[in-house]
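Enquirer: Residue numbers (our numbering), protein chains in the order written: chain P, 12 to 122; chain V, 3 to 117.
In this text, a Cβ means the ideal position worked out from N, Cα and C, and glycines have one as well.
What follows is the structure, given as structure tokens:
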């Protein structure tokens, strides 16, 4: 099955700085790559996703890039704010199959 | 539209007891799954189903059973609880197949403690 690795496990930035989280995956059949944000005690919620026919996608301060050849994808958050502090998970899956998650990155944005 | 509903939210069991975590969704999603979340280990897939009558194992299926008799419901059964099954459990669903397949919708989670 798919194996997703995520780095770093913890990330601390100053408010206004950028944050980058990177993931690699193993299964070349995977073609859907979402990112989830989980606040303390809450359920994971989708913040952005990308499909394999697209190299980059942006939504305001959040962007995701995908390199299918190298099997890695990254989350970029610009102009970070304290409310961006949370645990972020990457995931990978073939569209019609199960979804596997990375181990998570705890992002702390210091005011 | 309630989305994905899990019950109970909290449960304490003794070693060897059995229980069922309930999951229901009202979005007519074909795909349903169960994950467990442990500190530092992310979300690990236990079992999943792509439709009524079809189930399959994920990464960590041992000690858990599932069934899918209807599109709406996907219960997770712990046959003989062990302390290693202390975790937060999430049920999730999504559309299976087609151009709209993608986002996984999660329930609120069930926190299980096995003493």
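1. Could you compute how far the alpha carbon of residue 22 (chain P) sits from the alpha carbon of residue 52 (chain P)?
2. Based on the DSSP output, what are the partners of residue 32 (chain P) in its beta bridges?
3. Alpha carbon to alpha carbon, what distance is there between residue 92 (chain V) and residue 73 (chain P)?
4. Buried or exposed for residue 112 (chain V), please, with buried defined as at least 16 other CB atoms from any protein chain shown within 10 angstroms of its CB.
5. Taking the alpha carbon of residue 76 (chain P) as the point to measure from, which residue in P:91, P:60, P:90 and P:89 has its own alpha carbon closest?
6. Under a Cβ-count criterion, where at least 16 other Cβ atoms within 10 Å of its own Cβ denotes burial, should residue 64 (chain V) be classed as buried or exposed?
7. Report the residue from V:89, V:116 and V:107 whose alpha carbon sits nearest the alpha carbon of residue 28 (chain V).
8. Only counting runs of 3 or more residues, tell me where the beta strand (DSSP E) segments fall wholly within the region 8 to 90 of chain V, in order along the chain.
9. Quick check on residue 60 (chain V): buried or exposed, where buried means 16 or more other Cβ atoms within 10 Å of its Cβ?
10. Using CA atoms only, rank isn't needed, just tell me which of P:122, P:116 and P:112 is closest to residue 38 (chain P).
11. Nearest-angstrom Cα distance between residue 69 (chain V) and residue 19 (chain P)?
12. Checking the sheet assignment: what are the DSSP bridge partners for residue 91 (chain P)?
13. Quick one: Cα of residue 12 (chain P) to Cα of residue 114 (chain P), how far?
14. Using a Cβ cut-off of 9 Å (strictly closer), state whether residue 17 (chain P) contacts chain V.
15. Measure the alpha-carbon distance for residue 76 (chain V) versus residue 100 (chain P) and round it to whole angstroms.
16. Under the three-state reduction of DSSP, which class applies to residue 14 (chain P): helix, strand or coil?
17. Less than 7 Å between C-beta atoms, sequence neighbours within five positions excluded: which residues of the same chain meet that for residue 52 (chain V)?
18. If you reduce the DSSP assignment to three classes, tell me which class residue 121 (chain P) lands in.
Expert: The short version:
1. When rounded, the distance between both Cα atoms is 19 Å.
2. P:86
3. Taking the straight line joining both Cα atoms gives about 26 Å.
4. buried
5. Residue P:60 holds the alpha-carbon nearest to the alpha-carbon of residue 76 (chain P) among P:91, P:60, P:90 and P:89.
6. Residue 64 (chain V) is exposed by the Cβ-count criterion.
7. V:107
8. 12 to 15, 21 to 27, 33 to 39, 45 to 53, 56 to 59, 66 to 68 and 78 to 80
9. buried
10. P:112
11. 37 Å
12. Its beta-bridge partners do not exist; DSSP assigns none.
13. 16 Å
14. For residue 17 (chain P), the nearest beta carbon of chain V is closer than 9 Å to its own beta carbon.
15. 24 Å
16. coil
17. The residues are 32, 33 and 98.
18. In the structure shown, residue 121 (chain P) falls within a strand segment according to DSSP collapsed to helix, strand and coil.
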